[in-house]
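Below is one structure; the comments refer to it alone.
Printed below as a string of structure tokens:
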């Protein structure tokens, strides 16, 4: 049924579907045997974007804006693994609107889900029973406390209004190459596969989405992005250092009216983590009595018995936190990884046939604890390079060149020593 809907959408957009060419598979095994044994439906676009997060949708929107300005058209498809756009977006987010101001200057008049400006900004050092207020190192004036999943849903609507095709519920699982070993597309998962790799009666082959340029916006440690980075040695031709990661655990609570302070932002360091473990926690007051609370722990901790989940439970029992949560209800919960290697871990984001954008490339500003604005800006820069490559015949390498000239590079360069210094401090 989904393929019928996609074929209908393609027909409505004037995009031809055809039996898939059998590209040369990069490795052998059960998946490869299935790949050669069936004809897969294929859809062709000018640009295929993998991931409907801030970076992927910013790239899609920017591409269509450039098309309108030049009175031309490029077909753009965004593939999203979540059942709906925003389903896999999990972030306690104090949003810096700098990139959005550039992308959609009139977003404040267009009912964007960005309604709660930061009203206070505190920084606590926690001991087991006390919370000591320290001077805040963060500058959140002009920023907003938001739900990032709501923002990307809104961006998805904006993208579709511009003519972008967004397909949620389909995970890209395979990179497709042409005869010159240039990336030519991606394929979605086969379904109906038994544990031994054989095909069940319900088997349906994946779908190929072929594009002239492929943009990977999978988020932290995306599977296809990591394969591309490894196969093309992009980290070696970039800043050279391996990426490092942290685990963030988050809950959204509905708290009592008298305790709710819309726009209040609190970051903490110290307890329950020891002095050998890098990490911290956050409390963000959204609207509608909602509170986002979470703990982030760097995954290079040395204590093999440390459990980030258990540390999060301890954190919620701190006297300053427990009184805030008492009488409240948990609405949502989840966890995700963050790439926090910073400037030194940025790979060369350009490969033959496409580019890597957003958190897949690692643009998180660690001391700011922000990455959405840099992810969006990277998507916009990649879109501009893609447009020039497809319409004017230039090279996608322009993305890497312009990235180094952008405020992303300046911002991350100025923060480059923060994370390495913390390793010395904590160890």
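Residue numbers (the numbering used here): 1171 to 1597. Ideal placement from N, C-alpha and C gives every residue a C-beta, glycine not left out.
- For residue 1260, the closest alpha carbon among the candidates 1507, 1519, 1568 and 1549 is that of 1507.
- Spanning the alpha carbons of residue 1499 and residue 1221 requires a straight line of approximately 31 Å.
- Residue 1307 is classed as exposed because its beta carbon has fewer than 16 other beta carbons within 10 Å across all chains shown.
- Under DSSP, residue 1385 forms a beta bridge with 1219 and 1525.
- It is roughly 5 Å from the alpha-carbon of residue 1363 to the alpha-carbon of residue 1369.
- Cβ-Cβ distances below 8 Å link residue 1534 to 1508, 1509, 1510, 1512, 1540, 1541 and 1544 in the same chain, with the five nearest sequence neighbours on each side left out; the list follows chain order.
- The criterion of a C-beta distance shorter than 7 Å is satisfied by residue 1552 and residue 1229.
- Just measuring C-alpha positions, the residue of 1212, 1493, 1227 and 1237 sitting nearest residue 1560 is 1237.
- When secondary structure is reduced to three states using DSSP, residue 1423 falls in the strand class.
- Of the candidates 1420, 1423, 1519 and 1592, the residue whose Cα lies closest to the Cα of residue 1470 is 1592.
- Taking the C-beta atoms as reference points, residue 1380 is found nearer than 7 Å to residue 1354.
- In this structure, 1377 is the residue among 1294, 1322 and 1377 with its C-alpha nearest to the C-alpha of residue 1211.
- If you ignore the 5 residues before and after residue 1580, its C-beta comes within less than 8 Å of no other C-beta in its own chain.
- Of the other Cβ atoms in all chains shown, 16 or more fall within 10 Å of the Cβ of residue 1546; this residue is therefore buried.
- For residue 1484, the three-state secondary structure derived from DSSP is helix.
- Shortest Cα-Cα distance from residue 1526 to any of 1588, 1385, 1486 and 1502 involves 1385.
- Closest by C-alpha distance to residue 1494, out of 1431, 1505, 1481 and 1476, is 1431.
- For the pair residue 1465 and residue 1399, the CB atoms are not nearer than the 7 Å cut-off.
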